[in-house]
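J.: Numbering-wise (our numbering), the sequence shown opens with residue 6 and increments by one.
Beta carbons: idealized from backbone N, C-alpha and C, even for Gly.
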Amino acid sequence: MILVMPLMGSVAMLTAKVTKKEEEMLRLEGLEEDDCLQLLKGHTLANTENLDILHKLRSIGKCDHFPLEFSLFRALFLLQFSCSALSTSIVGAMAELAVGPIMKKIIDTCSGFLGNDYVKDQFRWQTGMKEELERLQVNHPKIQAVVFAANQAEISDQNPALNKWIWQLRDAIDETNDVLDEFEYMKHKEQLTKNTEETKKRKFTSFLFESARKILKIGERGLKRDPNLKRLEEAVQKLDKVSADVTTFLHLLDSAKQEQKAQDVDFYKARETGALPTNDLIGRGKEKELVMEWLRNPSNEHHGTDLYRNISLLSIVGHGGMGKTTLLQHVYEDKMTEEFDLKMWVCVSNNFDAKKVIAVMLESLDKKKPDLDSLDALQGRLKTELMSKRFLLVLDDVWEEQDISKWENVLAPLASGGFGSKILVTTRTDSVALLFEKLIKKKKDIVKLEGLEEDECLQLLNSHAFAGVENPPDDHKKLRAIAGEIVKKLLGSPLAAKVIGGVLKDNLDERHWRTVLESNLLGQSSINSILRLSYIVLSNPLKSCFAFCCMFAQDHEFDKDDLIRMWIALGFIQPSLDQEETMEDIGGRYFDVLVKKSFFENYLDIACYKMHDLLHELAQSVFIQEYLRVEDSTKLPSKIPETLRHLSIQTTNLSILKKIEKFKHLHSLFLFYEDPNQDLCSAIIEIFKVSRSLRLLYVFAQDLEMIPEEIEKLIHLRYIKIYGPNMKRLPRSLNNLYHLQYIICDGVWRLNQPQVHDFLPSDMNNLSNLHYVKWPMNYISVSICGIGKLTSLQKLEMFDLRDVSGYRIGELENMNDLCILQINCLEIVKDAEEACSAKLCAKRRLTDLTLHWSWNTDSRNINLDENVLDNLQPPKCLRKLIIECYMGARSAIWMNNINPIFNLEKICLSNCLEWETLPPFGQLPFLKYLSLSNLPKVKWLESKFNGNDKYRAFPLLEELYIRGLEALEDWFEAGVAAEDGCLFPCLIELEIDKCPKLKELPSLPPKLKSLTIKNCPKLISLGEMQTTNNCHLILSNLSITDPSLLLMEPLRSIASLKELTIMDNDEVVSFPNEAEQWFLKVSSSLSHLDFSSMKSLESLPSSLESLSSLYTLCINNVPMLRELPNLPPSLQSLYILRCHPELKERYGEDGGSDRHKIAYIPQIYIDLL
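#1: If we count Cβ pairs, one from each stretch, closer than 8 Å, do we get three or more for the segment 593-604 versus the segment 496-515?
#2: Would you kindly work out how many angstroms separate the C-alpha atoms of L543 and D805, rounded to a whole number?
#3: Give me, in chain order, the residues of the same chain whose beta-carbon lies closer than 6 Å to that of N872; leave out the 5 immediate sequence neighbours on both sides.
#4: DSSP on Q334, reduced to helix/strand/coil?
#5: Identify the continuous alpha helix (DSSP H) that holds Q707 and give its terminal residues.
#6: Which complete beta strand (DSSP E) runs does the segment 583-641 hold, if anything under 3 residues is left out?
#7: Would you mind sorting W860 into buried or exposed? The rule is 16 or more other CB atoms within 10 Å of its CB.
#8: Pull the bridge partners of E1064 from the DSSP assignment, please.
#9: Just the C-alpha distance for Y812 and F705, rounded to the nearest angstrom, thanks.
#10: On the DSSP bridge list, what partners appear for Q655?
#11: Quick check: the Cα distance between Y728 and V753, rounded to an integer number of angstroms?
#12: Compare the Cα-Cα distances from I867 to each of L370, A843, S896 and Y632 and report the closest residue.
#13: With 16 as the cutoff for other CB atoms within 10 Å, does Y540 come out buried or exposed?
#14: Identify which residue in R594, F604, K602 and M556 has its Cα closest to the Cα of E636.
#15: Let me check understanding here. Comparing Cα to Cα, which of A840, V1087, S1049 and A1060 lies closest to V1074?
#16: So, does the segment 461-477 touch the segment 497-507, judging by three or more C-beta pairs under 8 Å?
#17: Using a C-beta cutoff of 8 Å, does G497 count as contacting chain D?
#18: Between which two residues does the alpha helix (DSSP H) holding K726 run?
#19: Tell me, which residues are paired with A502 by DSSP?
#20: If I measure Cβ to Cβ from I690 and keep anything under 6 Å in the same chain, skipping five residues before and after, which residues do I get?
#21: Ignore the nearest five residues each way along the sequence and tell me which others in L398's own chain have a CB closer than 6 Å to its CB.
#22: Would you mind sorting S436 into buried or exposed? The rule is 16 or more other CB atoms within 10 Å of its CB.
#23: Counting beta carbon pairs with one atom in the segment 414-426 and one in the segment 447-454, are three or more of them shorter than 8 Å?
#24: Per the DSSP calculation, M556 is bridged to which residue(s)?
#25: DSSP on D1172, reduced to helix/strand/coil?
#26: Would you report the Cα separation of C1021 and S1135, rounded to the nearest angstrom?
#27: By Cβ distance below 7 Å, which residues in the same chain neighbour F1076 in space, the five residues on each side in sequence not counted?
#28: Does the beta-carbon of V1123 have 16 or more other beta-carbons within 10 angstroms, so that it is buried, or is it exposed?
#29: Kindly identify the DSSP beta-bridge partner or partners of H721.
#30: Going by DSSP, which residues form a beta bridge with V430?
#31: Distance check for L831 and S660, CA to CA, integer angstroms please.
#32: May I ask you to check if the CB of L582 is nearer than 7 Å to at least one heavy atom of the ligand FMN?
#33: What three-state label does DSSP hand L31 in the structure shown?
#34: Short check: CB of I487 to CB of L466, under 8 Å?
#35: Excluding sequence positions up to five away, which residues of its chain have a Cβ less than 7 Å from the Cβ of N904?
#36: Under 8 Å, do W412 and L440 count as touching if we go by C-beta distance?
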């Protein structure tokens, strides 16, 4: 393979291999070297690398003139370094997106084509093809130049002939790429056939020693007779014919360009900066305070209708890009909103559907999609969930204002919510706010977002433009002055400020900033024109990746990893020169750059992102000739361009699907079909027959039971994703799609165990290019015999060993691309030698490893477990290690050496019943999470690595969980201790449970926020306070079983506790006076109090009445409690569950004698079940 290099570097490498005959073909009169260098200096950056390239080109021809046509040579440099693409047309954009990445692959593949064993054999028998193959190699630089020109040139939309030529070029390139792809497919198929035959007869050690019969058979086939080579020849001839008009194309470019600006088109040289500032709410502080004050206001308008008497609603109104969503994201994450019992965030968008909105509300509450279909069922579930509970609901990006009945369906179940419930709405129109006013019969509360003031807009732009630049030097004063001029053109738009800031920060050069300032796009009065500038200056790969996002609906929640897989499948991401870097790594880097440039924004979850509506609209407008989304379920648009490559269609009309057969050049197809009464399979079969260039297929169909076997026609397919609850199995022919990289089956939850085993084809191990698989219950290893042939697989999350050929641990030997691996049933491994055959240490990308033995310990051999673990040493790159049910008494040898486990960040050991001495985990410099569970023979936690006398114990540990360590007596081995003040300096959460011999804890660390101590009856000391910080001011959450711990220092002096849970205690009858006094110390901070599973408790502390900040009180499973003390007036929620019947009689809603004592509490829930 030829290495992917900048343009001229690739030309030099390709032309460096030409023969004398080819040299004569290339030799054309050109300028002298000095003249070329002078021209170079006039049009580009004459750096050392470029001069070297010139000398290389000169040396190839071995003459005083350059061996390339001068117009072509000149265009190469002009195009490589020009920056005039600020007015690039739509046609040019599509050429840049599609032709570039695909053409790179064609050039690389063709460059190594003559080295293919199959072609070499044919070459010997048909020497007449030699000249044709040589011409193919010679044409590479010219083809590459044409593509690069199409990518970078300023192309006029007013030139239909040029537009037509570009698409002819694109079609020829796609056709050639398909033929080369089929070559790879046939090569893989032939290799599988050969391997099968050799298995039946005899094995050879090398392909070089094939039998004479084989060679003769290949030779007799003849080059001219091979239909695939014939197709390749025709495709290349077509491509060459189209490229014949390159001179005209380059002439147009040359005459159109007046000024040339330098730019670096190599993504790998992009300037790296730190993450963007977290405070993106610049200029909206006043608006946030208005919203927060509205939320804090407990009073609702009682003159509203009875139906919505408990609910208030506030609308945030503003144009697109004004920061409505960002404002409410900051509000939603504010600690003050934790006072609500429930929180829900729903992005409504312009494709409004009442069932979908309610379903998303339920998903927000339950963290899983509801398995309900009808509107009535969804409304009933939501009503039950919200019953008497004070909730906060955000309805983001609301457009629907015509059909009020739809909103009545959504709001009806919300009426069951508790007093003080709040709804926040964001919308672009006042009419939506007016609609809600009519619905809930209350006055219209609105916060209007206008454009930022100029100084605020400048502050926001600078925060992004200089992100990651520490203490900017004085020479940035000029840049800041230019920024001040730029913001005058941004119309006060926060989105435009962030995006243009991202454009500026890639190059802190005055020329670059002035180019942006002087751009015509900034001078226009449209935010879309301003945002278009941010797209134009993206590097080529990023443009491809951004363009593809218009295939998804507005407000789509992007899964970062899945989007990257799609980019890879479509060829937008090319392999790296660095063998250690995967295409997924590169895609992750691309995605992170788009995030830094504000094309994506994090949405509530660390792995979930959204694209702003205006950026989505930009992508749709720019790529209208290539990308199409159809959401109208009844018909297709009247005009669909023949250049269409990517189609997303949502319909219930089968006849529409049958029209897809018109689009023969599709590379991706998203099919959403919801009509259960029609034969979807027949339509899919027709699609498969004609859309043979598909690389990506996504099928969403509720009632689809199987994908037709005709999918085998899609031999170019890289990615398939199927969502279908009723799917029974994947097609058997799937194992013939040798290019497949990703197979994802979502929503398949109705399979029983036998169906799971039959879900996959039996010969899935043929798919050696497979990177990632997701299907029901992760039963990949159960279904695939000989999984070791999947050498490209990156995640194997459940590998169940069996003592059967094809299922043993040796299958892992060559699976060196694995990043995540879980090995189950390790007791199957017979000896150390077999364990060693997995070669875990050779897997240089492995970051997550789980080693699991079975629960059955009756016949286990302790020595064998130890020997097996010794020989499962992971690579040093490992970040996460889980060991379960290991029966060895000691640690593995490699675990007692810091080097193999140096980079570990997370460790979990559980149910290792014989393990006695743990490795010295405290000295691991990056460890953040440690969980030790059910290790009954471990006596202490910490010791030292050999030869290390001083260390900071657990220097970065943030979470520590110790459960079921029955023999644990002390923290450290005798004679070992950390240096003073160096134990757990970063610990945030600590849980200790079921450690019956533990007597004391080490000093509580200064950053501790959450502490849980349960079932430690001999604990007499919590250690001394670490005085480096005021620990008692930081600890906010405490859970205990023994109330006497409250009287131990440092808990005795705590003054800022927010949440307290006392639970699982069958002995406490009442609280002593000292405990009563303790509650007074936290009276101004404690907001949540929970008494749970205290079977002997007869009375609660009387001092509860003084807890002025108490918001929620929960009493659960306290069967002896018959009376409540006086409760504080601040209380908003009271829950009484599984308690004495007398409590309901006295405090129940239906005539309870003491109901009046708690009637002021807005939300009361009493349930004895």
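T.: Quick look at the numbers:
#1: Inter-segment contact for the segment 593-604 and the segment 496-515 is present: three or more beta-carbon pairs are separated by less than 8 Å.
#2: Walking along the sequence shown from the start, residue 543 turns up at place 538. Walking along the sequence shown from the start, residue 805 turns up at place 800. Near 46 Å, if we compare the C-alpha coordinates of D805 and L543.
#3: In the sequence shown, the residue the question calls residue 872 occupies position 867. Hits under 6 Å: A837.
#4: Against the sequence shown, residue 334 aligns to sequence position 329. Note: Q334 maps to helix in three-state DSSP.
#5: Within the sequence shown, numbered from 1, the residue matching residue 707 stands at position 702. Note, Q707: premise wrong, no alpha helix (DSSP H); not H, not E.
#6: 606-608, 610-615 and 632-635, all fully within the segment 583-641.
#7: As a working mapping, residue 860 is identified with position 855 in the sequence shown. By the 10 Å Cβ count, W860 comes out exposed.
#8: Taking the sequence shown and counting its residues from 1, one reaches residue 1064 at position 1059. Here E1064 is bridged, per DSSP, to N1042 and H1093.
#9: Within the sequence shown, numbered from 1, the residue matching residue 812 stands at position 807. Within the sequence shown, numbered from 1, the residue matching residue 705 stands at position 700. Each residue's Cα considered, the two are about 33 Å apart.
#10: If you number the sequence shown from 1, residue 655 lands on position 650. When DSSP reads this structure, Q655 sits in a beta bridge with F677.
#11: As a working note, residue 728 is residue 723 in the sequence shown. As a working note, residue 753 is residue 748 in the sequence shown. In this structure, the alpha-carbon of Y728 lies about 7 Å from that of V753.
#12: As a working note, residue 867 is residue 862 in the sequence shown. Taking each of L370, A843, S896 and Y632 in turn and checking the Cα distance to I867, the smallest one comes out for S896.
#13: The residue given as residue 540 occupies position 535 in the sequence shown. Y540 should be labelled buried.
#14: The residue given as residue 636 occupies position 631 in the sequence shown. Here the closest residue by C-alpha is M556.
#15: The residue given as residue 1074 occupies position 1069 in the sequence shown. Taking the Cα of V1074 as reference, the smallest distance to any Cα among A840, V1087, S1049 and A1060 is reached at S1049.
#16: The segment 461-477 is in contact with the segment 497-507.
#17: Among the chains in the structure shown there is no chain D, since it carries only a single protein chain.
#18: One-based indexing of the sequence shown puts residue 726 at position 721. DSSP places K726 in no alpha helix (DSSP H) but in the uninterrupted beta strand (DSSP E) bounded by Y724 to Y728.
#19: Your numbering for residue 502 matches position 497 in the sequence shown. Residue pairing by DSSP leaves A502 without any beta bridge partner.
#20: Working through the sequence shown from its first residue, we reach residue 690 at position 685. Around I690: P713 and E715.
#21: Here the question's residue 398 lines up with position 393 in the sequence shown. The answer, listed in chain order, is M349 and I428.
#22: Working through the sequence shown from its first residue, we reach residue 436 at position 431. Exposed, since its Cβ has fewer than 16 Cβ neighbours within 10 Å.
#23: These segments do not touch.
#24: Indexing the sequence shown from 1 puts residue 556 at position 551. DSSP output for M556 lists no bridge partner at all.
#25: Here residue 1172 refers to the residue found at position 1167 when the sequence shown is read from its first residue. Secondary structure at D1172: strand, using DSSP grouped into helix, strand and coil.
#26: The residue given as residue 1021 occupies position 1016 in the sequence shown. The residue given as residue 1135 occupies position 1130 in the sequence shown. The alpha-carbon atoms of C1021 and S1135 are separated by roughly 34 Å.
#27: Position 1071 of the sequence shown, counted from the first residue, corresponds to residue 1076. P1048 and P1106.
#28: The residue labelled residue 1123 in the question sits at position 1118 within the sequence shown. The residue is buried, with at least 16 neighbouring Cβ atoms inside 10 Å.
#29: Here residue 721 refers to the residue found at position 716 of the sequence shown. DSSP lists no partner for H721.
#30: Taking the first residue of the sequence shown as 1, we reach residue 430 at position 425. Per DSSP, S320 and L400.
#31: Mapped onto the sequence shown, residue 660 falls at position 655. Mapped onto the sequence shown, residue 831 falls at position 826. Each residue's Cα considered, the two are about 54 Å apart.
#32: Because no ligand of any kind appears in the structure shown, any question about the ligand FMN cannot be addressed here.
#33: Taking the sequence shown and counting its residues from 1, one reaches residue 31 at position 26. Any reading at L31 is ruled out, since the residue's pLDDT is 33, under 50, leaving its predicted position unreliable.
#34: Here residue 487 refers to the residue found at position 482 when the sequence shown is read from its first residue. Here residue 466 refers to the residue found at position 461 when the sequence shown is read from its first residue. No, they are not a contact pair.
#35: In the sequence shown, the residue the question calls residue 904 occupies position 899. Cβ neighbours of N904 beyond the five flanking positions: K881.
#36: Here residue 412 corresponds to residue number 407 of the sequence shown, with the count starting at 1. Here residue 440 corresponds to residue number 435 of the sequence shown, with the count starting at 1. Contact: yes.
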